[in-house]
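>
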């Protein structure tokens, strides 16, 4: 093969890889993580073998599809952990995670799902959550976070955040912001009734 | 036709009708309200014409599929409105609606969706929500419900409740119960940090 042909093939392979990742993100977003590889191959207009050539396992595909978002989550948690005031750090993390999840529902779904084989993805996420748990302990010891708050309440809040639907991602983020403020007030040991971000008209309320 | 044949046909028609309703409930539950009639016909193993013979429109199908649940919602709200203490009434409604929605995600989805043509369903639901709004006003006037609470916050809370996933309906109800308690504490004008229902292990936290 000439160099030109090889370059061409490589560029094709790269295109395929990117297309598979884009299709996978969209599919996981809309239908959850159970969408089979063969369906992702079909939508990306490649053969199943091509998908497996790029991603040895479905878990590898999952991990790579959301690599960037997971890294952003870790960065947010690191920022929260580094805050002088653990309660402010905790609030920052919840607010930012909810905003990121509101913008990318596929990732939100991946983040709050237990996909049995996705060990790499789960390990990365769990590292992030363990850091967050450390922050939770500090915010409880300092006083502002209620004593009966548990890590499961973060799962609960993040899954609940996923349920919020709105006509546009912008409206979803706005609704999610109000929701985050409500949840954070419910998590406070001695709640202060701070003003809430504005309410957003939601599907249910359009009448 | 003999009477026997006619009876047989009628019984067939009744079976079809029930099967279509069951399939529709399950489909709306799993995939939202956009599942087309032809797909519901396919899964119920009847022709599209048969579906339309029983339900003139998709909206009629939707309304009938969730008739019982909508009636239960109305009954819950009526009970809440009748309570002497409007805040207690309000809490009862939120707790019961969330529990009902946690048990039947298809209905939850229908309840919090704006399906353009489903006028009957939406009208019934909106009547229920208007009653609830009345209760909101009374709970605000009496003091316990925060002033900046708006009807959209009920939508927000109900949609968020829909996002909660767990391995079994029982676990989902248990998680939803804790979530309802958190939301209600966030809605209080002068929150009292009452104990929460127990936390539930969720997909995210199984590790």
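Chains as they are written, first to last, in my numbering: chain A, 1 to 207; chain B, 1 to 207. Here a beta-carbon is modelled for each residue, glycine too, at the ideal position from N, C-alpha and C.
May I have the straight-line CA-CA distance separating residue 180 (chain A) from residue 99 (chain A), to the nearest angstrom?
Position 180 of the first chain, counted from the start, is the residue given in the question as residue 180 (chain A). Position 99 of the first chain, counted from the start, is the residue given in the question as residue 99 (chain A). Going by the C-alpha atoms only, they are around 9 Å apart.
> Give the residues of chain A in contact with residue 185 (chain B), contact being defined as C-beta atoms less than 7 Å apart.
Along the second chain, one-based indexing puts residue 185 (chain B) at 185. The answer, in chain order, is 186.
> What does DSSP give as the partner residue(s) for residue 185 (chain B) in the beta ladder?
Taking the first residue of the second chain as position 1, residue 185 (chain B) is located at position 185. Paired residues: none, contrary to the question.
> Could you compute how far the alpha carbon of residue 248 (chain A) sits from the alpha carbon of residue 159 (chain B)?
The requested residue 248 (chain A) is not part of the displayed model; chain A covers only 1 to 207.
> Strictly below 7 Å CB to CB, what residues from chain B border residue 191 (chain A)?
Numbered from 1 along the first chain, position 191 holds the residue referred to as residue 191 (chain A). Those are 191, listed as they occur along chain B.
> Nearest to residue 168 (chain A) by CA position, among A:104, A:77, A:86, is which residue?
Here residue 168 (chain A) is taken as the residue at index 168 of the first chain, counted from 1. Of A:104, A:77, A:86, the residue nearest in Cα terms is A:104.
> Does the Cβ of residue 14 (chain B) have 16 or more other Cβ atoms within 10 Å, making it buried, or fewer, making it exposed?
Here residue 14 (chain B) corresponds to residue number 14 of the second chain, with the count starting at 1. Classification for residue 14 (chain B): exposed.
> Residue 224 (chain A): buried (16+ other C-beta within 10 angstroms of its C-beta) or exposed?
Residue 224 (chain A) cannot be examined here, being either before or after the span of chain A that is shown, 1 to 207.
> Tell me, which residues are paired with residue 145 (chain B) by DSSP?
For the purposes of this step, residue 145 (chain B) is taken as the residue at position 145 of the second chain. DSSP lists B:188 as partners of residue 145 (chain B).
> Can you tell me which of A:143, A:136, A:62, A:173 puts its alpha carbon nearest to the alpha carbon of residue 123 (chain A)?
Taking the first residue of the first chain as position 1, residue 123 (chain A) is located at position 123. Ranking A:143, A:136, A:62, A:173 by Cα distance to residue 123 (chain A) puts A:62 first.
> Under 8 Å, Cβ to Cβ, is there at least one residue of chain A near residue 152 (chain B)?
To locate residue 152 (chain B), count along the second chain from 1; it is residue 152. Closer than 8 Å to some Cβ of chain A, the Cβ of residue 152 (chain B) qualifies, so yes.
> By Cβ distance below 8 Å, which residues in the same chain neighbour residue 139 (chain B) in space, the five residues on each side in sequence not counted?
Numbered from its first residue, the second chain carries residue 139 (chain B) at position 139. Answer for residue 139 (chain B): 86, 87, 89, 90, 145, listed in chain order.
> Using a beta-carbon distance below 8 Å, is residue 148 (chain B) in contact with chain A?
Working through the second chain from its first residue, we reach residue 148 (chain B) at position 148. Judged by the 8 Å Cβ criterion, residue 148 (chain B) is in contact with chain A.
> Roughly how many angstroms separate the alpha carbons of residue 20 (chain B) and residue 183 (chain B), rounded to a whole number?
Start at 1 with the first residue of the second chain, and residue 20 (chain B) comes out as number 20. Start at 1 with the first residue of the second chain, and residue 183 (chain B) comes out as number 183. Going by the C-alpha atoms only, they are around 36 Å apart.
> For residue 95 (chain A), which residues from the same chain have a beta carbon less than 6 Å from its beta carbon, with the 5 sequence-adjacent residues on both sides left out?
Locating residue 95 (chain A) in the first chain gives position 95, where the first residue counts as 1. The answer, listed in chain order, is 180.
> Go ahead and pull the three-state DSSP assignment for residue 103 (chain B).
Against the second chain, residue 103 (chain B) aligns to sequence position 103. Helix.
> Under 7 Å between beta-carbons, which chain A residues line up against residue 162 (chain B)? List them in chain order, please.
On the second chain, position 162 is the one that residue 162 (chain B) refers to. In chain order: 163.
> Residue 27 (chain A) and residue 39 (chain A) look like a contact to me (Cβ under 8 Å); what is the Cβ gap, rounded to whole Å?
In the first chain, residue 27 (chain A) corresponds to position 27, counting from 1. In the first chain, residue 39 (chain A) corresponds to position 39, counting from 1. Yes, they are in contact, since the Cβ atoms of residue 27 (chain A) and residue 39 (chain A) sit about 7 Å apart, within 8 Å.
> How close, in whole Å, do the beta carbons of residue 81 (chain A) and residue 134 (chain A) come, if the pair is a contact with beta carbons under 8 Å?
Walking along the first chain from the start, residue 81 (chain A) turns up at place 81. Walking along the first chain from the start, residue 134 (chain A) turns up at place 134. Right, the Cβ-Cβ distance comes to about 7 Å (below 8 Å), so this counts as a contact.
> Under 7 Å: does the beta carbon of residue 91 (chain A) sit that close to some heavy atom of the ligand SAH?
Among the components of this structure there are no ligands whatsoever, and the ligand SAH is therefore not found.
> Taking only three categories from DSSP, how would you classify residue 199 (chain B)?
Taking the first residue of the second chain as 1, we reach residue 199 (chain B) at position 199. Three-state result, residue 199 (chain B): coil.
> Under 9 Å Cβ-Cβ, which residues of chain A neighbour residue 88 (chain B)?
Residue 88 (chain B) sits at position 88 when you count from the first residue of the second chain. The contacting residues do not exist; residue 88 (chain B) stays about 19 Å from chain A at best.
> Short check: CB of residue 29 (chain B) to CB of residue 106 (chain B), under 8 Å?
Stepping through the second chain from its first residue, residue 29 (chain B) is reached at position 29. Stepping through the second chain from its first residue, residue 106 (chain B) is reached at position 106. The answer is yes: Cβ separation under 8 Å.
> Kindly indicate which residue of B:198, B:64, B:72, B:32 has the alpha-carbon position closest to the one of residue 151 (chain A).
Your numbering for residue 151 (chain A) matches position 151 in the first chain. Comparing Cα-Cα distances from residue 151 (chain A) to each of B:198, B:64, B:72, B:32, the minimum goes to B:198.
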